[in-house]
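Q:
Numbering (this note's numbering), first residue to last: 6 to 298.
This is the structure we're talking about:
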């Protein structure tokens, strides 16, 4: 079966823009023409590809087609960039917030300076970022999961070390007598979002009991750091974020001998794309420089 390229292009614009109207404006064709192309594509494939709504969403078959079409698009862009001797393009990647605020910025700075690559970063928890690669939303992801996905490569990057921190005032109020089970049950904790499991891993490294402290959720790295330093709760932070505030006396290490090691992996399409090879080179260089082996 040979798919019509204009039909594929129309399908991709609907998924990206969320509506038939947006695709119509982007492609400079009438809404009726958009509908006709999608109807013809669905008839050709023999599957419903789009769930009509606000926004429009791909069906399971639609997600598979989108991944296929996106790879064709990237291969085409890669070919023409080489032909025109241009080493630039856009990479869509999923990365956890702590990496973006730390070592991954070094990676994308290298990619931009050396190769003119710009990035579209999707922030996702390191335990879940690989799912965006699986769904075709990104071409690469930093993940704590080392499971190999179909059609992808996985490579170890390094380890981020997280420790529990609190403001000096908070520490005196809740942990003056030490970090006990009773203290942890009563001490409010700050979590990045509902997927954030670092705090639970830290507690489990200390005690086998099921401890669920009162929690606040602050899904912003800068606000999270500020909240911990202002005594709204204790929280897990990587060294590059905690060190400056520790030096200023605004944070204290709650349990100096305990940390949570998070091994990070680089998942990427196995396609030989120049852009992906160049980006991966920069990602590995930054990881070697700033992560623990």
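For every residue, glycine included, the Cβ atom is placed at its ideal position computed from N, Cα and C. Note that the structure is a prediction, hence the values are computed from the model and not measured.
#1: What is the residue span of the alpha helix (DSSP H) that residue 164 lies within?
#2: With a 10 Å radius around its C-beta and 16 neighbouring C-beta atoms as the bar for buried, classify residue 63 as buried or exposed.
#3: From the DSSP output, in three-state form, read off residue 52 for me.
#4: With distances taken Cα to Cα, identify the nearest neighbour of residue 42 among 68, 23, 8.
#5: According to the neighbour-count rule (16 or more other Cβ atoms, all chains shown, within 10 Å of its Cβ), is residue 168 buried or exposed?
#6: Note down, in chain order, each residue of its chain lying with its Cβ closer than 7 Å to the Cβ of residue 215, except the 5 sequence neighbours on either side.
#7: Could you pull out every residue in the same chain whose Cβ sits closer than 7 Å to the Cβ of residue 206, ignoring the five residues on either side in sequence?
#8: What does the Cβ neighbour count give for residue 16, buried or exposed, with the cut at 16 atoms within 10 Å?
#9: Touching or not, the stretch 100 to 117 and the stretch 227 to 247, by the rule of three or more beta carbon pairs under 8 Å?
#10: If I follow the unbroken beta strand (DSSP E) through residue 221, where does it start and stop?
#11: Return the residue from the list 187, 78, 159, 283 that minimises the CA-CA distance to residue 121.
#12: Considering only C-alpha positions, which residue in the set 136, 143, 142, 166 is nearest to residue 152?
#13: Are residue 124 and residue 97 closer than 9 Å when you measure CB to CB?
#14: Using a Cβ distance threshold of 8 Å, determine whether the stretch 245 to 254 contacts the stretch 268 to 284, with at least three qualifying pairs required.
#15: Could you name each continuous alpha helix (DSSP H) segment of 4 residues or more that falls completely within the stretch 203 to 242, going from the start of the chain to the end?
#16: Hey, residue 257 and residue 173: beta-carbon distance below 9 Å or not?
#17: Just the Cα atoms here: how many angstroms apart are residue 134 and residue 127?
#18: Under the rule that 16 or more other beta-carbon atoms within 10 Å means buried, what is residue 295, buried or exposed?
#19: If you draw a straight line from the alpha carbon of residue 156 to that of residue 71, how long is it in whole angstroms?
#20: For residue 143, which of helix, strand or coil comes out of DSSP?
#21: The alpha helix (DSSP H) with residue 113 in it runs from where to where?
#22: Note the first and the last residue of the continuous alpha helix (DSSP H) segment covering residue 15.
#23: For residue 240 and residue 99, what's the separation of their Cα atoms in angstroms?
#24: Just to confirm the assignment, what range does the beta strand (DSSP E) spanning residue 3 have?
#25: First and last residue of the beta strand (DSSP E) that includes residue 265?
#26: Hey, how far is the Cα of residue 213 from the Cα of residue 138?
#27: Starting from residue 288 and walking both ways along the beta strand (DSSP E), at which residues does that stretch end?
#28: For a test of the three-state rule: what should DSSP assign to residue 77, helix, strand or coil?
#29: Between residue 290 and residue 146, is the Cβ-Cβ spacing less than 9 Å?
A: Based on what the coordinates show:
#1: Locating residue 164 in the chain shown gives position 159, where the first residue counts as 1. No alpha helix (DSSP H) contains residue 164, which is instead part of the beta strand (DSSP E) from 157 to 171.
#2: What you label residue 63 is simply residue 58 of the chain shown in a count that begins at 1. Under this definition residue 63 is a buried residue.
#3: Taking the chain shown and counting its residues from 1, the one referred to as residue 52 is at position 47. DSSP places residue 52 outside both helix and strand once states are collapsed to three, so it counts as coil.
#4: Here residue 42 refers to the residue found at position 37 when the chain shown is read from its first residue. The shortest C-alpha to C-alpha distance from residue 42 to any of 68, 23, 8 is the one to 8.
#5: The residue labelled residue 168 in the question sits at position 163 within the chain shown. Residue burial annotation: residue 168 is buried, with at least 16 other C-beta atoms found within 10 angstroms of its C-beta.
#6: Residue mapping note: residue 215 aligns to position 210 of the chain shown, counting from 1. In the same chain as residue 215, and ignoring 5 residues on each side of it, no C-beta atom comes closer than 7 Å to its own.
#7: Taking the first residue of the chain shown as position 1, residue 206 is located at position 201. Around residue 206, the same chain offers 265 as residues with beta carbons nearer than 7 Å, after the five sequence neighbours per side are excluded.
#8: The count along the chain shown starts at 1 and reaches residue 16 at position 11. By the 10 Å Cβ count, residue 16 comes out buried.
#9: In this structure the stretch 100 to 117 lies against the stretch 227 to 247, because at least three pairs of beta carbons, one per stretch, are closer than 8 Å.
#10: For this step, residue 221 is matched to residue 216 along the chain shown. Its beta strand (DSSP E) spans residues 220 to 222.
#11: In the chain shown, counting from the first residue as 1, residue 121 sits at position 116. Of all alpha-carbon atoms in 187, 78, 159, 283, the one lying nearest the alpha-carbon of residue 121 is that of 283.
#12: Translated into the one-based positions of the chain shown, residue 152 becomes position 147. Checking every option, the nearest Cα to that of residue 152 belongs to 136.
#13: Residue mapping note: residue 124 aligns to position 119 of the chain shown, counting from 1. Residue mapping note: residue 97 aligns to position 92 of the chain shown, counting from 1. Contact annotation: residue 124 and residue 97 have beta-carbon atoms nearer than 9 Å.
#14: Contact annotation: the stretch 245 to 254 does not touch the stretch 268 to 284, with fewer than three C-beta pairs closer than 8 Å.
#15: Listed in chain order, the complete alpha helix (DSSP H) runs (minimum 4 residues) inside the stretch 203 to 242 are 203 to 211, 226 to 234.
#16: For the purposes of this step, residue 257 is taken as residue 252 along the chain shown, with counting starting at 1. For the purposes of this step, residue 173 is taken as residue 168 along the chain shown, with counting starting at 1. Yes, Cβ-Cβ distance for residue 257 and residue 173 is below 9 Å.
#17: For the purposes of this step, residue 134 is taken as the residue at position 129 of the chain shown. For the purposes of this step, residue 127 is taken as the residue at position 122 of the chain shown. Taking the straight line from one Cα to the other gives about 9 Å.
#18: Counting from one through the chain shown, the residue named residue 295 turns up at place 290. Taking a 10 Å sphere around the C-beta of residue 295, we find 16 or more other C-beta atoms and assign the residue as buried.
#19: The residue labelled residue 156 in the question sits at position 151 within the chain shown. The residue labelled residue 71 in the question sits at position 66 within the chain shown. Between residue 156 and residue 71, the C-alpha separation is close to 14 Å.
#20: In the chain shown, counting from the first residue as 1, residue 143 sits at position 138. Looking at residue 143 - three-state DSSP - the assignment turns out to be coil, as it is neither helix nor strand.
#21: Numbered from 1 along the chain shown, position 108 holds the residue referred to as residue 113. Start and end: 108 to 120.
#22: Position 10 of the chain shown holds residue 15. In the DSSP annotation of this structure, the continuous segment of the alpha helix (DSSP H) that includes residue 15 starts and ends at 10 to 22.
#23: Here residue 240 refers to the residue found at position 235 when the chain shown is read from its first residue. Here residue 99 refers to the residue found at position 94 when the chain shown is read from its first residue. Rounded to whole angstroms, residue 240 to residue 99 spans 23 Å at the Cα level.
#24: The chain is shown only over 6 to 298; residue 3 falls outside these bounds and no answer can be derived.
#25: Numbered from its first residue, the chain shown carries residue 265 at position 260. Per DSSP, the unbroken beta strand (DSSP E) holding residue 265 starts and ends at 265 to 274.
#26: Within the chain shown, the letter at position 208 stands for residue 213. Within the chain shown, the letter at position 133 stands for residue 138. Whole-angstrom Cα-Cα distance: 34 Å.
#27: Translated into positions along the chain shown, residue 288 becomes position 283. First-last for residue 288: 279 to 295, but that is the alpha helix (DSSP H), not the beta strand (DSSP E).
#28: In the chain shown, counting from the first residue as 1, residue 77 sits at position 72. The answer is helix: DSSP assigns residue 77 an H, G or I state.
#29: Locating residue 290 in the chain shown gives position 285, where the first residue counts as 1. Locating residue 146 in the chain shown gives position 141, where the first residue counts as 1. Residue 290 is not a Cβ neighbour of residue 146, given a cutoff of 9 Å.
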